[in-house]
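Below is one structure, written out as structure tokens; comments come after it.
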Amino acid sequence: MTARRRLALALASCALISIGLAIGATNSSDDQSRVIRIVAQRFSYTPSEIVLKKGEAVTLELEALDFAHGFNVPDLGIRADLVEGQVTRVQLTPEKSGVYEFHCDNFCGADHEQMDGKIIVQD
Amino acid sequence: MTDRRDFMKLAALGGGAIFLSGLAGCAQSPSKSSPMAAYDEFYFVQLSDSHWGYKGPDNPDSANTLKKAVATVNALETQPDFIVFTGDLTHTTDDPLERRRRLSEFRDIVSALRVKDVHFMPGEHDASLDRGAAFKEFFGPSNYSFDHKGVHFIVVDNVSEPGATIGAAQLAWLQSDLGSVAKDAPIVVFTHRPLFDLAPKWDWATRDGAQAIDLLMPYRHVTVFYGHIHQENHHMTGHIAHHSAKSLIFPLPAPGSQEKRTPVAWDPQSPNKGLGFREVEAEVPEAEYKIAEYPVTRT
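Protein sequences, first through last, are from chains S and W. Going by my numbering, the first sequence wraps up at 125, each residue one higher than the last. Going by my numbering, the second sequence wraps up at 301, each residue one higher than the last.
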């Protein structure tokens with residue numbers, strides 16, 4: 003199952019957010035959502051804490067520098083493989099406040115289990 | 003098998019026992035084509051997550067823990083029919099040469115086991131960085147099946163594919179392997195990661211594990227033994243039981259019980275706390291009676 007297919011299934015079952023995924027060298031989206039760049043590098047995300055407002059449309063631009071890391075936010079039904087050298091874009095509009103933890107789910111080495119972060123959605 | 007009475011004496015490394023009466027007493031052999039097989043009680047030992055090569059504060063005795071476990075197993079009065087290691091034999095390293103050195107040392111240590119029928123499978127620490135290449139050099143295929151005294155055993159590799167998946171090819175193999183097994187045959191699956199979503203926030207899951215469970219679901223006597231989470235956990239998906247094992251390096255917290263899955267701090271007063279292995283005994287169940295009630299007359 004491809005990342006796009008998996009994401010489509012997640013979309014179908016997730017009522018909390020609206021999300022989309024794009025992978026490529028340029029931003030194919032025409033929307034004016036806020037863009038948040040996230041760098042994935044053994045064994046951390048930078049930034050690792052992302053603060054959003056409820057109802058705010060944002061685009062996460064994820065780039066892996068040294069490994070095909072994963073990006074998994076189980077409670078938002080989001081996951082993607084981050085291809086080295088490409089920007090992976092995840093669009094989301096959180097509709098419920100809370101803390102949503104994310105982590106790398108492609109085993110990347112000794113401190114893989116510590117590679118995580120959180121999305122904080124505020125009212 | 004009198005040795006079962008000694009299970010609770012395995013205090014040094016916290017040995018435990020699981021009894022699989024559901025596996026035993028089945029009239030058929032696993033194979034559809036085989037003649038009826040007489041069932042024989044037996045037991046095996048599961049060890050897991052030895053992480054050979056780990057050095058750190060969560061187990062200052064890491065150079066000895068695996069060796070102690072081998073000695074404890076060797077001291078069992080009645081030796082098991084076979085032994086299985088459910089992954090993370092070694093601790094991960096980026097260096098391919100060091101990975102092989104650790105696998106070699108691990109193999110040397112466990113070669114001291116009195117029982118020579120030993121089955122291995124990889125964990126992500128052994129296999130995820132090189133798709134299982136080094137593991138296979140030392141231990142052969144990472145997925146396979148075998149029969150033992152009327153039970154069909156299947157080893158599923160859910161760590162060598164990127165992102166902790168079983169993968170389409172192996173799922174097809176699993177389907178094919180199950181195709182030769184009777185629906186009421188006793189089946190045991192060994193794997194490293196949980197096949198179900200135990201704690202997705204901690205990545206304690208297998209992305210396509212549900213597909214494996216779907217393939218196993220038509221079979222009435224299925225039990226899964228796995229490792230990865232460094233503690234006992236018992237879970238049912240329908241009629242399929244899943245049992246995780248303790249580790250031989252350091253315990254991890256209960257699934258989802260805290261923000262991060264950091265190891266439980268080493269206790270110098272009880273250095274082996276939370277570590278151990280298990281015995282699994284397949285025994286013939288007590289007689290069962292099916293009861294049907296009828297009215298005085300039937301129309």
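Cβ atoms here follow ideal geometry from the backbone N, Cα and C, with glycine treated the same way. What you are looking at is a predicted structure, and each value in this text was computed from that prediction instead of being measured.
Going by C-alpha to C-alpha distance, which of the options sits closest to residue i?
| i | options | result |
| --- | --- | --- |
| threonine 88/W | Leu200/W, Ser64/W, Glu100/W, Phe141/W | Phe141/W |
| proline 265/W | Phe252/W, Ala77/W, Asp159/W, Arg102/W | Phe252/W |
| glycine 119/S | Leu84/S, Phe104/S, Arg36/S | Phe104/S |
| glutamate 86/S | Ala66/S, Asn108/S, Ile80/S | Ala66/S |
| leucine 197/W | Lys248/W, Thr208/W, Phe122/W, Val190/W | Thr208/W |
| histidine 237/W | Ser246/W, Ile231/W, Gly229/W, Arg263/W | Ser246/W |
| lysine 70/W | Glu283/W, Pro273/W, Lys138/W | Pro273/W |
| asparagine 160/W | Asp60/W, Pro143/W, Ala256/W | Pro143/W |
| threonine 225/W | Ile156/W, Pro59/W, Val75/W, Phe84/W | Ile156/W |
| asparagine 66/W | Gln233/W, Val47/W, Glu107/W | Glu107/W |
| histidine 114/S | Gly79/S, Phe69/S, Pro49/S | Phe69/S |
| lysine 185/W | His154/W, Gly58/W, Glu234/W | His154/W |
| leucine 51/W | Tyr146/W, Gly211/W, Arg280/W | What sits at residue 51/W in the sequence shown is aspartate, not leucine. Comparing Cα positions, the closest option is Arg280/W. |
| glycine 276/W | Glu234/W, Val47/W, Asp96/W, Tyr146/W | Glu234/W |
Report the neighbours of residue i on chain W: residues whose CB is nearer than 7 Å to its CB, in chain order.
| i | result |
| --- | --- |
| glutamate 115/S | Arg263 |
| glutamate 103/S | Lys203 |
| glycine 119/S | Near glycine 119/S there are no residues of chain W at all, since even the closest Cβ is about 11 Å away, more than 7 Å. |
| proline 76/S | Pro202, Lys203 |
Using the three-state DSSP reduction, which class does residue i fall into: helix, strand or coil?
| i | result |
| --- | --- |
| asparagine 76/W | helix |
| valine 86/W | strand |
| arginine 281/W | The sequence given here places glutamate at residue 281/W; arginine does not occur at that position. It is a strand residue. |
| proline 255/W | coil |
| arginine 101/W | helix |
| tryptophan 175/W | helix |
| asparagine 61/W | coil |
| glutamate 261/W | coil |
| serine 106/W | helix |
| threonine 299/W | coil |
| alanine 71/W | helix |
| isoleucine 293/W | coil |
Using a Cβ cut-off of 7 Å, pull out every chain S residue sitting near residue i, in sequence order please.
| i | result |
| --- | --- |
| glutamate 126/W | Phe109 |
| serine 50/W | Within 7 Å Cβ-Cβ: nothing; serine 50/W doesn't reach chain S, min ~17 Å. |
| serine 130/W | Phe109 |
Determine the chain W residues that contact residue i at a beta-carbon separation under 9 Å, and present them in chain order.
| i | result |
| --- | --- |
| aspartate 83/S | Pro164, Gly165 |
Quiz prompt | Touch test, the stretch 53 to 60 of chain S against the stretch 82 to 101 of chain S, Cβ-Cβ under 8 Å, three pairs minimum | solution = Contact check between the stretch 53 to 60 of chain S and the stretch 82 to 101 of chain S: three or more CB pairs, one atom from each, fall below 8 Å, which counts as touching.
Exercise. Would you mind listing the alpha helix (DSSP H) stretches within the stretch 193 to 224 of chain W that are 4+ residues and don't spill past its ends, in chain order?
Key: Listed in chain order, the alpha helix (DSSP H) runs fully inside the stretch 193 to 224 of chain W are 211 to 218, counting runs of at least 4 residues.
Quiz item: Which parts of the stretch 110 to 138 of chain W are runs of the beta strand (DSSP E), unbroken and 3 residues or longer, counting only runs that do not cross its ends?
Solution: Runs of beta strand (DSSP E) with 3 or more residues, each lying fully within the stretch 110 to 138 of chain W, are found at 120 to 123, listed in chain order.
Quiz prompt | Any beta strand (DSSP E) of 3 or more consecutive residues that is wholly inside the stretch 61 to 125 of chain S | solution = If we require 3 residues or more, the beta strand (DSSP E) runs fully inside the stretch 61 to 125 of chain S come out as 72 to 75, 80 to 83, 89 to 96, 100 to 105, 118 to 124.
Practice problem: Determine, using beta-carbon pairs with one atom in the stretch 172 to 182 of chain W and one in the stretch 213 to 228 of chain W, whether at least three such pairs fall under 8 Å. | Solution: Result yes; three or more Cβ-Cβ pairs closer than 8 Å.
Quiz item: So, do the stretch 169 to 176 of chain W and the stretch 199 to 207 of chain W have three or more beta carbon pairs nearer to each other than 8 Å?
Solution: Counting C-beta pairs with one atom in each stretch, the stretch 169 to 176 of chain W and the stretch 199 to 207 of chain W have fewer than three that are closer than 8 Å, which means they do not touch.
Quiz item: Quick check: the stretch 265 to 281 of chain W against the stretch 113 to 129 of chain W, are there 3 or more CB pairs under 8 Å?
Solution: Result no; under three Cβ-Cβ pairs closer than 8 Å.
Quiz item: Given a limit of 8 Å on CB to CB distance, which residues of the stretch 63 to 74 of chain S reach chain B?
Solution: Looking for chain B here will not work: the only protein chains present are S and W.
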